[in-house]
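>
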Amino acid sequence: MFLISILRRMALAMVLAAPVVAQPTDGLPTIAPPAPVVESPLEARETAAEEAGNDRNTAQRMANIFGEIEGLHGVGIRVQSGVVTLTGTVTSQADRERAEAIAARFAGVVTVENAIDRTFEVDSNLSPVLEKFVDDLRRMARAVPLFGVALLIGLLIGGLGYLLAAQGRLWRWLAPNAFLAELFASTVRIVAIIAGLIVALQILGATALLGLVLGSAGVIGIALGFAVRDTVDNFVSSLMLSLRQPFRANDHVLIGESEGRVIRLTSRATILMTLDGNHLRIPNATVFKAIILNYSRNPQRRFAFDLGIDAADDPLRAMQVGLAAIRALPNVLDTPRSHAVIEMVGDSNIILRFFAWIDQRETDFGKGRSLAIQAAKQALEQSGFELPEPIYRIRVDAPGDASRLALAAARARPQGRPKSQASAPPTPASDEIEPDCAVEKLVTDERDEAREPDLLDTRRPIE
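Throughout the sequence shown, residue numbering follows mature numbering (1 follows the signal peptide of the UniProt record, and there is no 0), covering -22 to -1, 1 to 441 in sequence.
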C-alpha cells in the first residue's frame, strides 16, 4: 500500500510538470488547463486509511508524552486530518499552555484546537503544591550534609580572616598610622567573608546564585556610594590627613574662618580649642579642602600697625623716631629688622605703617604689638609730631560771619608742642609680655586625660 501511494504521488507530480501546449484561437495563444487527476476508489480508500493511521500514531505518541508529565494526565487528545483537539482539565494555566506547545511541535500537525479547561477545585489545585513542598523538603534533607560541609568551610575561611585581622601589631608595623592599620584589618575581614561565601556557594553548585549575589552587591554598593557620598568624602579626607600630617597637637591654626589650638585628629573630625576655651569640631572633609594657616610652625612672627602724623610734618624723620623706639624694646627681634613705610597721604594726615618681628615662644603676639604701638606713639609725641584728628572745612557765604569764623579758627589752632629729644620707652616686665599659655595648658591636660584615638603622629614628618 505504501508503494502504491508513492507511485500515485509521482504520477501526479509528472502531470503537473508537463509542458503546456498552446493552441492558436483567433490569432491569440491559449493555455490548456491541466487534465484532472482521477483517483480510483481503491486509491482513495488507501489514502484515507494512511492518513487515519498517521493521526492514530500522532495521538498515541502525544498521549504517551502527556502521561509522563505531571499535571497533563487528564488531557484528552483527538487528531483528525492533522488537526489536534485537546480536551480535559488541568490545574493551572501554565499546564494548559504547555500542552498546546507540545502538541504543536509534532510533525504533520496543521493546527491545535485547545479546549482544555482549568479546574479550580481545592483538592486538585492544592495536592500538587503539597507534593512539591514535600519533595523540596526531602531534597533539603538529603542535602544537609553538603550544606554542613559548605558552612564549615565558609566559617573556617572567615575565621582565618578575622584571626589575621586581629594581629594589631602586624598592621601597625605595616601601616604608617593607627587609622590606616584599622583600615587594612577591616579590608582583610571583608575579603575573608566574601571568599568564604564564594567557596561555600561553589561547593553547593550555586554558581548562578553566586553571580546574582555579586551583581546585587555591586548595585547596592553603587547605590550606597551615592547615598553616603558625604560620609565617603569625609572618610577619604581623614585618610589623607592622617598621611599628610598638616599640623601637630597644640598648634595654633586658622582653618578657614575657625581659629584655635589643635586638640586631636579623629577619623571623623578635627577638634580645636578656641582661644576662648571652647571646643570646635570641624569635619575632616572641610579641613582637607580649607586653607590652613599655622601660627606655630615658625616661632618668629611679624606684626604691623599704622600711625598718622600731621601733613606738615616730615614723614621720614617720623619713621626714624618711631623705629628707634620700637627697636629699643627688648622683645622686638633685631633680625629680621624692623622697618616702616608711608602707607598713604590723607586729607589731613600722613599714614605711616610700622613692621616689627617677635619670638612667639618668649613674647605674646598681642602684648608685643601693643607695647610697640605705645612706644612709637609716645616717641612721636615727645618729638613734637602731631597725631591729628580729622579736620573738616565749612564754607560760609556771609562776609561778616566768614571773618569771625576765620579769626576763631586761628585762635583755636594748636601751636604745636616744642620738639624735644625722644626719651627711651619704659622697659616692660617679663611677665607683662610672656605668652599666655592658658589655652595651651588646657589642651595638654585634655589630651592626657581623654586617651582617645589620635591620628596625629609625631614620628611622621609634618607636611
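Beta carbons are placed, not taken as given, at the ideal position from N, Cα and C, and that holds for glycine.
Model, not experiment: these values are computed from the prediction.
1) Compare the Cα-Cα distances from N276 to each of L187, E340, G54, Q145 and report the closest residue.
2) My output table needs one value for P339: the three-state DSSP class, helix, strand or coil.
3) Residues bridged to E91 by DSSP?
4) Between which residues of its own chain and V421 is the CB-CB distance below 6 Å, once the five residues before and five after are set aside?
5) With DSSP as the reference, please indicate the residues paired to M322 in a beta bridge.
6) For E237, report the span of its alpha helix (DSSP H) as first-last.
7) Taking all protein chains shown into account, decide if A318 is buried (16 or more other Cβ within 10 angstroms of its Cβ) or exposed.
8) Could you give the DSSP three-state label for R280: helix, strand or coil?
9) With distances taken Cα to Cα, identify the nearest neighbour of V210 among N262, V166, A37.
10) I'd like to confirm the pairing. Which residues does DSSP put opposite M251 in its beta bridges?
11) Can you tell me whether R436 is buried or exposed, with buried defined as 16 or more other CB within 10 angstroms of its CB?
12) Helix or strand or just coil, what does DSSP make of residue 456?
13) According to DSSP, simplified to helix, strand and coil, what is I176?
14) Classify I269 as helix, strand or coil using the three-state DSSP reduction.
15) Select from V61, I94, H51 the residue whose C-alpha is nearest the C-alpha of D33.
16) Would you call G45 buried or exposed, if buried means 16 or more other Cβ atoms sit within 10 Å of its Cβ?
17) Roughly how many whole angstroms lie between the Cα atoms of Q145 and A128?
18) Given this structure, state the Cα-to-Cα distance separating residue 442 from D432, to the nearest angstrom.
19) Would you grab the beta carbon distance between I336 and F281 for me? Rounded to a whole angstrom, and I think it's under 8 Å.
20) Just tell me which of E359, A302, L301 has its CA closest to the CA of I287.
21) Exposed or buried, what is G183 when buried is set at 16 or more other beta-carbons lying within 10 Å of its beta-carbon?
22) Decide yes or no for the touch test of the stretch 160 to 170 against the stretch 133 to 152: beta carbon pairs closer than 8 Å, at least 3 of them.
23) Taking all protein chains shown into account, do 16 or more other C-beta atoms lie within 10 angstroms of the C-beta of D426, making it buried, or fewer, making it exposed?
24) For T264, tell me which candidate among L219, A303, A302 has the shortest Cα-Cα distance.
25) On a CA-only basis, which of E78, L307, V177 is nearest L50? Give me that one, please.
26) Per DSSP, what kind of secondary structure is L285 in: helix, strand or coil?
Result, derived from the coordinates:
1) E340
2) Reading the sequence as shown, one finds Arg at residue 339 and not Pro. R339 falls in the coil class under three-state DSSP.
3) According to DSSP, E91 bridges with T63.
4) N228, R239, I241, M251
5) M322 is bridged to I329.
6) Segment 236 to 243 is the beta strand (DSSP E) holding E237; no alpha helix (DSSP H) there.
7) Label assigned to A318: buried.
8) strand
9) The residue with the shortest Cα to Cα distance from V210 is N262.
10) R239, H257
11) The question names Arg, but residue 436 in the sequence shown is Thr. Its Cβ having fewer than 16 others within 10 Å, T436 is exposed.
12) Residue coverage of the chain in this structure runs from -22 to 441, which leaves residue 456 outside it and unanswerable.
13) When DSSP states are grouped into helix, strand and coil, I176 belongs to the helix group.
14) It is coil, neither helix nor strand.
15) V61
16) With fewer than 16 other Cβ atoms within 10 Å, it is exposed.
17) 27 Å
18) Residue 442 lies beyond the residue range present for the chain, which begins at -22 and ends at 441; the question has no answer from this structure.
19) 7 Å
20) Nearest option by C-alpha distance: E359.
21) The residue in question, G183, is exposed, as its Cβ has fewer than 16 Cβ neighbours within 10 Å.
22) Yes, since at least three Cβ pairs between the stretch 160 to 170 and the stretch 133 to 152 fall closer than 8 Å, the two stretches touch.
23) exposed
24) L219
25) E78
26) strand
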